[in-house]
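Protein chains: 2
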Amino acid sequence: VWHVDARPVFTIDRILGLDLDRQELRNTKPAFIILKGSSESSSEMKRKEEEHNLNCKHFTESYRRTLNWCIGRRPRTAFSSAQIEVLESVFLITSYPGIDIREELAQRLQLDEDRIQIWFQNRRAKLKRSHRESQFLMVKKAFADLKDKEEE
Amino acid sequence: VWHVDARPVFTIDRILGLDLDRQELRNTKPAFIILKGSSESSSEMKRKEEEHNLNCKHFTESYRRTLNWCIGRRPRTAFSSAQIEVLESVFLITSYPGIDIREELAQRLQLDEDRIQIWFQNRRAKLKRSHRESQFLMVKKAFADLKDKEEE
DNA sequence: TTGTAATGTAATGAC
DNA sequence: GTCATTACATTACT
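Keeping their order, the protein sequence lines are chains A and B.
Sequential numbering of the first sequence, starting at 1, is according to full-length UniProt numbering.
Sequential numbering of the second sequence, starting at 1, is according to full-length UniProt numbering.
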């Protein structure tokens, strides 16, 4: 946990006591358990259980978000243009640099190896998007050409 | 295609004849339909159908982005006060509406789902800003109070 | 000028 | 690993 001090301590969530320990969440009994042995059908039970699981999912998800908000996510790294330049030129050679290359880059660019890793992941995603787009343009052009031929 | 007149008329997409109607996209037959009645298993069919839907999604996304690149930035959407009202009341309940809620909102408010998504993102950012500001004010006031006490 | 819709991308979590 | 989605900084428009 990198920077406790980057976020205000007096958050609304804290004031409202929303930053409970994760353990407390697990200890709260789901409502559907009480129904066991009752006259309700098993399908109804199953539905309730699923509903509970869904609620749990949303609950823990919002828990995560709240926690995330309190503790804070890693501050956005602003790469310098010089760093970007190096990263881009390496990307031209490999879009999947091994750990050795990443470590070397990290050292040379004064960055964590993690940042390098993430950068390449995002860069690959960007490349993929642009590939899709250029493919799309080609299809479009094909359509346009067909139209031209029809008009002749 | 949002506003033809806000940007120069001689855009790349026009020159290439790329500003075809979105309807044409829908009319292109998905490949998996051809497979109907073939010897492939239904699970394979289902997989292909899902793949096709994914491709469609990416395709229309690319379509939007490409147009975006050609035409320029999307013109500012001016939400009506009625739309804002609905959005705000939903925001009170969830600031993270899932895809289902966003789609429903889109339909009811006659907006693209994308606009809804962006609106919620910006709304969350605004909320965060106001939180930070009120916190700052509180801290400031606390300091001021301390000073007052010292002077007594 | 301000408020905010839109954009790009670093970071995160699910799978 | 990918993918969708998020936060966040920034841009640009009304």
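All C-beta atoms in this analysis are idealised placements derived from N, C-alpha and C, irrespective of residue type, glycine included.
Query	Result
Residue 129 of chain B and residue 91 of chain B closer than 8 Å at C-beta	no
Residue 152 of chain B: first and last residue of the uninterrupted alpha helix (DSSP H) it sits in	Note, residue 152 of chain B: premise wrong, no alpha helix (DSSP H); not H, not E.
Straight-line gap, residue 10 of chain B to residue 84 of chain A (C-alpha atoms, nearest Å)	Model confidence at residue 10 of chain B stands at a pLDDT of 36, short of 50, so the residue's coordinates are unreliable; what they give is reported in the following sentence. Using only the alpha carbons, I get a separation of about 33 Å.
The segment 131 to 142 of chain A / the segment 104 to 115 of chain A touching (three or more Cβ pairs under 8 Å)	no
Pairwise C-alpha distance: residue 94 of chain A and residue 145 of chain B	59 Å
Residue environment, residue 133 of chain A, which counts as buried when at least 16 other CB atoms sit within 10 Å	buried
Residue closest to residue 116 of chain A, alpha-carbon to alpha-carbon, out of A/88, A/148, A/143	A/88
Burial state of residue 102 of chain A, where buried means 16 or more other Cβ atoms lie within 10 Å	buried
Residues of its chain near residue 97 of chain A, where Cβ-Cβ distance is below 8 Å and the 5 sequence neighbours each way are ignored	90, 105, 116, 120
Among A/125, A/99, A/110, the one whose alpha carbon lies nearest that of residue 80 of chain A	A/110
Rounded straight-line distance, which links the Cα of residue 86 of chain A to that of residue 57 of chain A	With a pLDDT of only 49 at residue 57 of chain A, under the threshold of 50, the placement of this residue in the model should not be trusted; the figure read from the coordinates follows. Taking the straight line from one Cα to the other gives about 42 Å.
Backbone CA spacing between residue 152 of chain B and residue 127 of chain B [nearest angstrom]	38 Å
Collapsed DSSP secondary structure at residue 100 of chain A in the structure displayed	helix
Nearest-angstrom Cα separation, counted from residue 131 of chain B out to residue 143 of chain B	18 Å
Residue 79 of chain A - DSSP class collapsed to helix/strand/coil	coil
Residue 130 of chain B - DSSP class collapsed to helix/strand/coil	helix
Nonlocal neighbours in the same chain, by C-beta distance under 6 Å from residue 147 of chain B, ignoring five residues either side	none
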